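Heads up, the thing below is written out as structure tokens.
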Amino acid sequence: MTPDISLGQSVKQAVRFLQGIHRDVNSMIASLDDEMSQKDWHPTEQNRVTSDLSNGLNGNKWLIKSLYRIYSPHQEATSTQLIVAIQVEFDPPEPHYDEPVCLLFAACFPSPVEYTDIWSKWDHAGSERVLRHLAKKDKAQKLELKLLHDRFMPGATAGAALAVPLCNLTGVDSLRKNVVQPLLEMASGMPK
10 MTPDISLGQS VKQAVRFLQG IHRDVNSMIA SLDDEMSQKD WHPTEQNRVT
60 SDLSNGLNGN KWLIKSLYRI YSPHQEATST QLIVAIQVEF DPPEPHYDEP
110 VCLLFAACFP SPVEYTDIWS KWDHAGSERV LRHLAKKDKA QKLELKLLHD
160 RFMPGATAGA ALAVPLCNLT GVDSLRKNVV QPLLEMASGM PK
């Protein structure tokens, strides 16, 4: 029996295509880090972008479905009362989205929250509910506390979010206009 060469070649091409997407998104996040740092917002973690991967036998955990980046206005701190963040969602909920999106949001808390607590309480299912809420909306939306607290940003007193198509973020100018500016506007709209 001879192996199906075309299937093997297709698999190889698919893996290389996916690696190219990851390189492009890595470049986008590095540019976003630079742009946000110029505005005095800093990543809460220098290298961490996901907890989706596993080296176990669960094949569903071998592929990154989303990347996360959280920014704080405090460079050397380990906690904050105000964050802005992005989530690159490669496979957003259907039928609401037919392409990858970048979820942008801001949230404020009544007292300083440890960065590790924000990471550990932010659940993918909560993000999907927020994305469904944002479908077909082209402006930032204030999030009701029920939606905000439901496995998304528990404990936050206010939040706002916007979803933008990932493939529209094609350069630094586009990143400034469609990600940095909306994030900063949402942050400035949070209660003091």
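Count along the sequence shown from 1, then add 9; that gives the number in the working numbering.
Glycine included, every Cβ here is placed at the ideal spot set by N, Cα and C.
Bear in mind that the values here come from a model prediction, so they are computed numbers and not experimental data.
Cβ-based burial, residue i [other Cβ within 10 Å; buried from 16]
i    : result
M195 : buried
L16  : exposed
T125 : exposed
A23  : exposed
A94  : buried
A144 : exposed
Other residues of its chain near residue i: CB distance less than 8 Å, five sequence neighbours each side excluded
i   : result
G68 : none
V58 : I38, L76, Y77, R78
CB contact flag (residue i, residue j, <8 Å)
i    : j    : result
L88  : E123 : In the sequence as presented, Leu is not what sits at residue 88; that position holds Ser. Closer than 8 Å, so yes.
A170 : V189 : no
L72  : Q96  : no
K70  : F99  : no
G135 : D159 : yes
A7   : V110 : Lying outside 10 to 201, the shown extent of the chain, residue 7 is not represented and no answer is given.
Identity of the residues DSSP links to residue i by a beta bridge
i    : result
H83  : BP columns for H83 are empty, so no partner.
K151 : A169
L113 : I95, L171
H51  : S81
T89  : V122
Spatial neighbours of residue i in its chain, beta-carbon cut-off 6 Å, leaving aside the 5 residues before and after
i    : result
L157 : A165, G168
K155 : none
P101 : V110, L140
P163 : K130
Residue i Cβ short of 7 Å to the ligand SAM heavy atom set
i   : result
L76 : The ligand SAM is absent from the structure shown, which contains no ligand whatsoever.
Sequence-distant residues of its chain with Cβ nearer than 7 Å to residue i (five each side left out)
i    : result
C117 : Q90, L91, A165, T166, A167, M199, P200
Is the stretch 173-193 touching the stretch 125-137, taking contact as three or more C-beta pairs under 8 Å?
-> no
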